[in-house]
Structures are given as C-alpha cells and as structure tokens.
Amino acid sequence: MASKRGALIVLEGVDRAGKTTQCKKLVQALQASGRPAEMMRFPDRTTTIGQLISAYLEKKSDLEDHTVHLLFSANRWELVPLMKQQLDRGITLVVDRYAFSGVAFTSAKPGFCMDWCMKPDVGLPKPDLVMFLQLNPAEAALRGQFGSERYETSAFQKSVQQKFKQLMKDPSVNWKVIDASKNVDDVHDDIKHHSLNAISAAENTPLGELWK
Ligand code: Z5A
C-alpha cells in the first residue's frame, strides 16, 4: 500500500457541460505527469444494478421513483470497496457524477425532499473536491439537442440546476464552480489547477465520510 492516498475528485454539472470530456482529459494529464489516476462514472452501467438503471434511463423499463433513487445509491455503494482500495494504493479517482446528481435529480421530482434524498448516500467516501461545471441553457443548446434518455428536457434540467445550487451551499463539501462555457483546453486548465491542489491536500488527510 502506498503511504500517500489518492484524491477523490468529482465532476458534476448540467447536461452537456462537458463532464465526460473533462474527466477523460484530466485523467490523461495526471497520468502523463506521473500521477496514478483512473476515471469512474455514475451510474456505472456495467454492473447488474447499473443495467437496471440503464434500462430505466433509456425508457426501456419503468421503476418507481423511490426505488430508482435507491438503486442509483446502491450502484455507488457497490463500488465503494474498489474505490477505497484504489485510493489507498495512491490512485486518484476522477468521477463523472456522484451522490450530488443523485440528490439533485430525484429531489427535482414532485414529492421528494432533499433530506430524504441525501440519506442513502450518507457515509460514502467524501470527495476531496467537487467541481460543478456551470453552463447556461443557451450555450448547452449550441452543443447539440437533448438526447432521448429520461430527464433530458429543459424544464426538468432547470429544476435540477436549482437543486444543485442548494447543494452547493453546503460548506462541508469542497465545491468549486467552473465556467464550462470556455473552450475545452481553458476549462481543463481550471480543472487541473484545482485538482492538483486537492491531490496535494489529500496526501496528508484521511478520507472523509460524505454528509456525516
Ligand atoms: N442520474 C441520476 O438521476 N441519479 C444519479 O444518482 C446519477 C445520475 C449518478 C446519467 O447520464 C443520467 O443519470 C443523468 C443524471 C442521472 N441524466 N441526465 N441528464 P449520463 O452520465 O449517462 O450522461 P450525462 O451525464 O447526462 O452526460 P451529459 O451531461 O449529456 O454530457 P457531459 O458529460 O456533461 O458532456 P460531454 O459528453 O463531455 O460533452 C457534451 C458535448 O459537448 C460533446 O459533443 C462535446 O464534444 C461538447 N463539448 C464538451 N466541452 C465543450 C466545450 N468546452 N466547448 C464546446 N463543446 C464542448
């Protein structure tokens, strides 16, 4: 086991903000500079639970709203042993969406409060850094139309964004807002800067527990 742990870095953001593009670019840059790094994404559609979620998102199946929320959370929990193992080995994990998406998307549905939505994810490995890629709807539209998956409508995405705003008020999480309207390389520079700081800080800090 390496003496210094890796950092847990999460990218969140609105639809088409460039999360996947930037996660890949960050991992490549970290690896190129000799820092071990790997990418993860949630939902992880490769597991049995992930396949249930994927069918739901693709509208091939319907699931009751509480049930699917708990499945998204279970999909994170099932990966926790692997995440901890990799962080312990000194590997930095760059994660495309995490529990914050879980809370923002479900609490944007009628009849859900944020408190209930947060509960299943309490105690997950706490990210050392969460970057929120901010992009206004007009700019997102220039990057292509919404896809055909569930949740990909402008009204729903607007209320998801409001929920993210509320989550970002929580000072127990190290949030950084990134202007995602810049070109890919400039956004990457901002993300890399914050990430290198987080990696240094994480080396000497134990991994925390989210919302605990
Ligand atoms: N969900 C949930 O309900 N509960 C949960 O717990 C979790 C998730 C974890 C998963 O979607 C869905 O599940 C998601 C939330 C919900 N539903 N929605 N919406 P996903 O992860 O499979 O896909 P996504 O996260 O929705 O992807 P995205 O938002 O559409 O894309 P992105 O990753 O932010 O962007 P991208 O793919 O990197 O880039 C999009 C396009 O923009 C592409 O053509 C790029 O080349 C272009 N791009 C990227 N950056 C730039 C810049 N800087 N300038 C110009 N163009 C750019």
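Numbers 185 to 396, taken from my numbering, label the letters of the sequence shown in order. Heads up, the beta-carbon is just placed ideally off N, CA and C, and yes, glycines get one too. All values reported here derive from a predicted model rather than from experimental measurement.
Note that the C-beta distance between Leu391 and Arg189 is below 8 Å.
Each residue's CA atom was taken as its position, placing Ala213 and Gly295 some 42 Å apart. The straight-line gap separating the alpha-carbon atoms of Asn320 and Val194 is approximately 20 Å. Relative to the non-hydrogen atoms of the ligand Z5A, the Cβ of Phe256 comes within a distance shorter than 7 Å of at least one. Distance from Ile362 to Phe316 at the Cβ level is roughly 7 Å; contact confirmed, criterion being Cβ atoms closer than 8 Å. Collapsing the DSSP output to three states places Val306 in coil. Between Phe256 and Ile237, the gap from beta carbon to beta carbon is short of 8 Å. Pro227 has its Cβ nearer than 7 Å to a heavy atom of the ligand Z5A.
Within a 10 Å sphere around the beta-carbon of Cys207 sit 16 or more other beta-carbons, which makes this residue buried.
Distances from the alpha-carbon of Asp199 to those of Val211, Lys342, Leu247 put Lys342 closest.
DSSP places Glu196 within a strand segment (E or B) once states are collapsed to three. Looking at the DSSP output, Gln318 bridges to Asp363.
Around Phe330, the same chain offers Glu336 as residues with beta carbons nearer than 6 Å, after the five sequence neighbours per side are excluded.
The segment 270-284 and the segment 217-224 touch, with no fewer than 3 CB-CB distances between them shorter than 8 Å.
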